[in-house]
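Residue numbers (the working numbering): 1 to 301.
We treat Cβ as the ideally placed atom computed from N, Cα and C, and that holds for glycine.
Computed from a predicted structure; not experimentally measured.
Written below as structure tokens is the structure these notes are about.
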Amino acid sequence: MKCLFLYNPNSGKGKIQKKMPLIERILKTRYDEVELYATKSAEDLQRKAAEGAAECDAVVFSGGDGTFNLVLGAIGEEKIDLGYLPSGTVNDVARSLGIPKNIKKALKVVVGGRRENLDCMRVNDTDYAMYVVAAGAFTGATYSTPQKKKRRFGRLGYVFECWKKHMKFNTFPIEVTCGESTEKTKAVLVLVMNGRSVAGLPVNKKASMQDGKMEIAVLRERGDLNFWGRARAFFGIIRLFLRGPKCESKHLLRLRGDKVSIKAEEDVVWDLDGEKGDSGNVEIQLLSKRVTMFVPKNKKI
């Protein structure tokens with residue numbers, strides 16, 4: 001059996017490069033042939049991941065949620081075993097699945113964990129997301145925060161970026177259709193979730209990546225916000241992220257289903273697993289058990 005391992009040699013100040021002998025040794029306890037490939041760019045990562053999906057028995061990769069999204073987009077709906085070594089700033093996919101950040105422990109999940117078929121989301125028939133599709137307050141910080149700042153400050157880098165550029169809390173009109181329910185409203189934040197963790201917090205902790213459903217949370221407000229409206233929106237977001245499923249408010253719309261259509265204006269930009277996605281209208285379809293991954297043996301998915 002053949003395994004392809006993809007990594008960015010500059011990620012995490014080059015720490016992953018020093019772990020190559022360990023990674024190769026452990027992967028060879030499961031695979032006869034292991035190819036180690038240092039990616040040069042996002043495009044190079046996707047090209048090599050697509051090749052690996054066609055030629056190998058497994059594609060294993062290191063990186064954060066953005067890297068996971070790039071690999072997911074590259075393999076599309078190909079059936080291939082995926083192994084993941086989380087090495088990003090937040091690692092929401094790994095948090096949702098219980099994959100440890102420690103490289104040696106994460107490798108043990110790949111070679112000794114169990115293989116599970118997981119749900120993912122397809123966006124506008126062309127893009128994919130594993131754990132969240134989002135728009136509105138703070139979401140732009142995930143792709144606008146410079147890599148240098150993330151490497152230096154970790155999760156605080158996102159906080160600095162939010163404080164600097166994303167505190168206006170603009171409302172935007174949307175029309176959400178999920179099943180037989182259609183709601184027109186003005187939103188501050190929209191989350192369409194498949195994973196349990198968003199921004200490192202258990203916002204959707206009762207969810208499963210195998211239940212065939214997405215959870216939708218829309219924080220609503222009226223029109224343009226004054227100072228008090230922005231303060232209410234800010235604390236509404238804090239409550240949602242800290243209390244998760246227990247958060248209840250007349251300003252919070254919750255829906256659940258396997259397909260959601262959201263009509264929005266062209267200046268509404270969608271965040272797909274921390275990567276900048278389409279603008280305007282989105283159609284999101286849950287693809288049931290379409291992604292095959294190695295997960296911890298005793299972890300409930």
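Go ahead and pull the three-state DSSP assignment for I96.
Against the sequence shown, residue 96 aligns to sequence position 96. Reading the sequence as shown, one finds Ser at residue 96 and not Ile. The answer is helix: DSSP assigns S96 an H, G or I state.
Any idea if D32 is buried or exposed, counting beta-carbon neighbours within 10 angstroms, 16 or more meaning buried?
Position 32 of the sequence shown, counting from 1, holds the residue named residue 32. By the neighbour-count rule (16 or more Cβ atoms within 10 Å), D32 is not buried but exposed.
Should the region 233-244 be called in touch with the region 90-99, which here means at least 3 C-beta pairs below 8 angstroms?
no
Check for me: the alpha helix (DSSP H) holding P21 runs from which residue to which?
For the purposes of this step, residue 21 is taken as residue 21 along the sequence shown, with counting starting at 1. From DSSP, the alpha helix (DSSP H) with P21 extends over M20 to L27.
Just the C-alpha distance for R30 and N204, rounded to the nearest angstrom, thanks.
By one-based count along the sequence shown, residue 30 stands at place 30. By one-based count along the sequence shown, residue 204 stands at place 204. For R30 and N204, the distance between alpha carbons rounds to 34 angstroms.
Closest Cα partner of D258 within the set G179, L272 and F294
Within the sequence shown, numbered from 1, the residue matching residue 258 stands at position 258. When each option's Cα is compared against that of D258, the closest is G179.
Just to confirm before moving on: does the CB-CB distance between V34 and A49 stay below 8 angstroms?
Position 34 of the sequence shown, counted from the first residue, corresponds to residue 34. Position 49 of the sequence shown, counted from the first residue, corresponds to residue 49. No, the Cβ-Cβ distance between V34 and A49 is not below 8 angstroms.
Beta carbon of A135, beta carbon of D273: below 8 angstroms?
Indexing the sequence shown from 1 puts residue 135 at position 135. Indexing the sequence shown from 1 puts residue 273 at position 273. No, these two residues do not count as a Cβ contact at 8 angstroms.
Within its chain, find whatever has a CB closer than 8 angstroms to the CB of E265; leave out the 5 residues flanking it on each side and keep chain order.
For the purposes of this step, residue 265 is identified with residue 265 of the sequence shown, where counting begins at 1. Counting only Cβ-Cβ distances below 8 angstroms, and skipping sequence neighbours, we find F172, P173 and G280.
Which residue marks the beginning of the alpha helix (DSSP H) containing L107, and which one marks its end?
Numbered from 1 along the sequence shown, position 107 holds the residue referred to as residue 107. That run of the alpha helix (DSSP H) goes I103 to G112.
Inter-residue spacing [alpha-carbon to alpha-carbon] between E275 and T67:
Residue 275 sits at position 275 when you count from the first residue of the sequence shown. Residue 67 sits at position 67 when you count from the first residue of the sequence shown. Computed Cα separation, rounded: 9 angstroms.
Between A42 and the rest of its own chain, which residues show a CB-CB distance below 8 angstroms, the 5 nearest in sequence each way excluded?
For the purposes of this step, residue 42 is identified with residue 42 of the sequence shown, where counting begins at 1. Same-chain partners within the cutoff: L70.
So Q210 is in the alpha helix (DSSP H); what residue range does that whole segment cover?
Against the sequence shown, residue 210 aligns to sequence position 210. It is not in any alpha helix (DSSP H) - Q210 carries neither H nor E in the DSSP assignment.
Pick helix, strand or coil for R290, following the three-state DSSP scheme.
Locating residue 290 in the sequence shown gives position 290, counting from the first residue. In this structure, R290 counts as strand in the three-state DSSP scheme.
Can you list, in chain order, the residues of its chain whose CB lies under 8 angstroms from that of E77, leaving out five sequence neighbours each side?
The residue given as residue 77 occupies position 77 in the sequence shown. Cβ within range, chain order: L287 and R290.
Going by alpha carbons, who is nearest to T39 out of F5, S87, K108 and K104?
Taking the first residue of the sequence shown as 1, we reach residue 39 at position 39. Here the closest residue by C-alpha is F5.
Using a Cβ-Cβ cut-off of 6 angstroms (strictly less than) and excluding sequence neighbours within five positions of F197, which residues of its own chain qualify?
Position 197 of the sequence shown, counted from the first residue, corresponds to residue 197. Strictly speaking, residue 197 in this sequence is Ser, with Phe absent from that position. Sequence-distant partners of S197 (beyond 5 residues in either direction) whose C-beta falls short of 6 angstroms from its own C-beta, in its chain, are D92, R95 and S96.
Look at the Cβ atom of L219, then the Cβ atom of A187, and state whether they are nearer than 8 angstroms.
Along the sequence shown, one-based indexing puts residue 219 at 219. Along the sequence shown, one-based indexing puts residue 187 at 187. Yes. Within cutoff.
Can you check whether the CB of F294 is closer than 8 angstroms to the CB of V109?
Residue numbering aside, residue 109 sits at position 109 when the sequence shown is read from its first letter. Residue numbering aside, residue 294 sits at position 294 when the sequence shown is read from its first letter. Taking 8 angstroms as the Cβ cut-off, V109 and F294 qualify as a contacting pair.
Look at the Cβ atom of I262, then the Cβ atom of V176, and state whether they are nearer than 8 angstroms.
For the purposes of this step, residue 262 is taken as the residue at position 262 of the sequence shown. For the purposes of this step, residue 176 is taken as the residue at position 176 of the sequence shown. In this structure, V176 lies closer than 8 angstroms to I262 by Cβ.
Grouping DSSP H, G and I as helix and E and B as strand, with all else coil, what is H166?
Residue 166 sits at position 166 when you count from the first residue of the sequence shown. Interpretation of H166 is limited by its pLDDT of 44, a score under 50 that renders its predicted location unreliable; no figure is taken from the coordinates.
Alpha-carbon to alpha-carbon, L22 and P202
The sequence position of residue 202 within the sequence shown is 202, counting from 1. The sequence position of residue 22 within the sequence shown is 22, counting from 1. The straight-line gap from Cα to Cα measures roughly 32 angstroms.
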